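Below is one structure; the comments refer to it alone.
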Ligand SMILES: Cc1ncc(COP(=O)(O)O)c(C=O)c1O
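In the working numbering, the protein residues as written are 628 to 1025.
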């Protein structure tokens, strides 16, 4: 006798219990756009948990370009890039992005998640090995799982452990190529990858590097070109991947690298070939965001100042913020229940942040993920710190 497939769904009650305790923090609808202030259930709140790093979702020029694209091309492409879904705007964006990240060619996908799935699974074949940081984003992990390659994980941002893994690989028979994939800025903690050490190992052990810079582009580097710019490592990074769901104020993803590799991915990445293309308004949005960034680096610089101000502010209050240097600032609290209680009190105080629990972070490192926009004003920032101080004292954290 088989069981009913749906039995596990009825037995899954964690979300119901959390609701009953008034501690369910997910899928909360906003009824406004995502700016420094948002409306939730009719109440104005300060947003300290968005990835709208440069605040471009509300930029007048960006919004205007999106509207114009709808007028010219309509609302959707109704086909994959491979067949009838490519418009000239896709190609214009790809050319612009390739230049922006100093690579020969770029491909845009419908989401960042699909970019990682498609790129990694197309590149890593049967006798290839993927070197993967243990705290890489879920889309990288799933891309590795989808590929026919072997996955070799190393401890988070730990290049000694990476070298241990690489040494072991040297003894293995029948290994073809090696691909190292890592977040540039780790999405939950804001930690920047130790790229200089990875590059040293690359020279010694000969592997290719793919950098997922979803939280790096627009956030770090003097002109917002991300982790590669931050370390001036343009020559050493083979493939740069990014998403349009954060700095670029839209939805979609890209990967850029040598033409010959991009041509291969273009004809082998299943998530590109068998999924509909980014809609025109999204493509125009990203293109307009790039234009804004290229014209004026002041938004990026403002974000850098904001990040510094908030890291210092939290540290002075006595919060544990890990080793972030970016606009993602984790408030590490430890156990899950404390995080949820802290989150709820902050929410009641009118500050929106994201509780991050295991398995997204190790069980004893549950945290509140705070993140900032170039459009936050000093009043917003001070108010966030003040509410953190109030709740932190109430719960005995500081
Ligand atoms: C590091 C990283 N990679 C990839 C993605 C996926 O991007 P998208 O939202 O475009 O699917 C995200 C988004 O959360 C991310 O944080």
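Just so it is clear, CB atoms sit at the ideal spot from N, CA and C, and this is done for glycine as well. It should be emphasised that the depicted structure is a prediction, and the values quoted were computed from it without experimental measurement.
- Query: Under the three-state reduction of DSSP, which class applies to residue 844: helix, strand or coil?
  - Reply: coil
- Task: May I ask you to list the residues that DSSP assigns as paired with residue 779?
- Result: 758
- Item | Touch test, the segment 974 to 982 against the segment 798 to 812, Cβ-Cβ under 8 Å, three pairs minimum | no
- Query: Curious, which full-length alpha helix (DSSP H) runs of at least 4 residues does the segment 835 to 891 contain?
  - Reply: 854 to 857
- Message: Short of 7 Å in beta carbon distance, which residues of its chain neighbour residue 886, apart from the five on each side in sequence? Order them along the chain.
- Response: 731 and 732
- Message: Going by C-alpha to C-alpha distance, which of 751, 775, 850 and 862 sits closest to residue 807?
- Response: 751
- Mind checking residue 849: buried by the 16 CB within 10 Å criterion, or exposed? exposed
- Query: Between which two residues does the beta strand (DSSP E) harbouring residue 664 extend?
  - Reply: 664 to 667
- Task: With DSSP collapsed to three states, give me the class of residue 946.
- Result: coil
- Nearest-angstrom Cα distance between residue 904 and residue 712? 6 Å
- Item | Whole-angstrom distance between residue 684 and residue 756, CA atom to CA atom | 39 Å
- Task: Can you tell me which of 817, 833, 880 and 1002 puts its alpha carbon nearest to the alpha carbon of residue 843?
- Result: 817
- Can you check DSSP and say which residues form a bridge with residue 998? 676 and 955
- What number of angstroms, rounded off, separates the C-alpha of residue 900 from the C-alpha of residue 648? 45 Å
- Message: Using C-beta distances below 7 Å, list every residue in its chain close to residue 970, excluding the 5 sequence neighbours before and after it, in chain order.
- Response: 652, 980, 982 and 995
- Run the CB neighbour count on residue 950, radius 10 Å, all protein chains shown included, and call it buried at 16 or more, exposed below. exposed
- Item | Under the three-state DSSP convention, the category residue 650 falls into | coil
- Query: With respect to the beta strand (DSSP E) encompassing residue 982, which residues constitute its N-terminal and C-terminal limits?
  - Reply: 981 to 983
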